[in-house]
Amino acid sequence: MKAFSIDLEWFRCPDGYRPVPGGSMGRDGPPMDRIVASSDRTDAYRPFDHFDSLYKEFAKVKTADDLLGFVKRFGLLETSPEYDADFYPGDDGEVVLGGVSEYEGNSVPEYLTQARLFREILLRKENGPKSVAGFFRSHKEFGIGGRLTLVANPSTGVEFAVTPFDLIQGLKFQLAQSLFGSTIIRACRCCGEFFEAGPGTKVRKDATFCCREHSVLYHSHKRSKGDR
Ligand SMILES: [Zn+2]
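Quick note on numbering: our numbering labels position 36 of the sequence shown as 38, and the sequence is numbered without any gaps.
What follows is the structure in structure tokens.
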């Protein structure tokens with residue numbers, strides 16, 4: 003049973019999304035690669051009512067192309083605009099805040115970093131709760147955001163529901179749901195995809211491959227390498 007439900011209405015642009023390379027708007031930016039919606043049109047949907055393991059999809063994101071693919075399917079990670087500012091040396095030797103500008107869409111490097119943190123947590127789960135706790139202790143900002151409410155549940159009467167502010171926060175809550183269970187998440191030694199192992203799943207607790215085929219493939223590849 004899940005400890006809480008995730009209550010988020012999010013949106014997708016029916017006209018799709020496109021990459022905007024850093025510096026493509028001249029000196030004004032954006033300072034880093036971004037992904038923006040192709041139009042202002044939005045279709046509302048409830049990602050966490052339909053996708054049980056969206057956090058695993060996000061954890062697979064390793065490149066800018068992966069991120070664009072994710073956004074095309076599930077929408078931006080947070081609502082734009084974002085603001086970009088930095089400190090610069092001023093005329094009188096003081097440091098001033100400048101370069102504040104609005105950018106559309108989401109920063110590619112920022113969300114590639116977030117996806118990497120998701121992978122790091124999933125791999126730590128294998129090493130036990132102390133390892134997971136160690137992550138959250140050193141990344142306190144990771145879990146911030148959202149509201150806790152109570153909602154009706156036909157089987158228990160009532161349950162906790164979290165209302166995230168945006169998709170990235172919802173993904174973090176869904177990741178947390180997976181951390182409470184006894185299911186182990188592991189990266190396949192052959193293809194690198196995350197899979198669930200242990201009771202209630204298709205594979206044994208100590209499995210290191212997502213499926214039989216990949217175990218066979220990996221070992222036959224290793225053998226052919228060793229023959230040389
Ligand atoms: Zn595999």
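Glycine is no exception: its CB is placed at the ideal position from the N, C-alpha and C atoms.
| Check | Outcome |
| --- | --- |
| Run through DSSP, which three-state label would G159 get? | strand |
| Taking its Cβ as the centre, do 16 or more other Cβ atoms sit within 10 Å of R232, making it buried, or is it exposed? | Nothing about residue 232 can be read from this structure; the chain reaches only from 3 to 230. |
| Report all residues from its chain with a CB closer than 7 Å to the CB of F211; omit the five preceding and five following residues, and keep chain order. | C190, R191, C192, S217, Y220 |
| Among E128, L114, G172, which one has its Cα closest to the Cα of Y57? | G172 |
| With a threshold of 7 Å (Cβ to nearest heavy atom), would F211 be considered close to ligand 1? | yes |
| For T203 and F50, what's the separation of their Cα atoms in angstroms? | 21 Å |
| What does the Cβ neighbour count give for A154, buried or exposed, with the cut at 16 atoms within 10 Å? | exposed |
| Helix, strand or coil for D45? Go by DSSP, reduced to three states. | strand |
| Grab the span of the beta strand (DSSP E) containing A189 for me, first residue to last. | 186-189 |
| Can the beta-carbon of F196 be found less than 8 Å from the beta-carbon of K174? | no |
| By alpha-carbon positions, which one of M34, W12, D68 ends up nearest to D45? | W12 |
| Taking L114 as the reference, give the member of I37, S140, G25 with the closest Cα. | I37 |
| Per the contact definition of three or more C-beta pairs closer than 8 Å, is the region 156-167 in contact with the region 4-19? | yes |
| Relative to the alpha-carbon of D42, which residue among R48, D17, A117 has its alpha-carbon at the smallest distance? | D17 |
| In this structure, does DSSP put P21 in helix, strand or coil? | strand |
| In this structure, what does DSSP give as the bridge partners for T151? | A163 |
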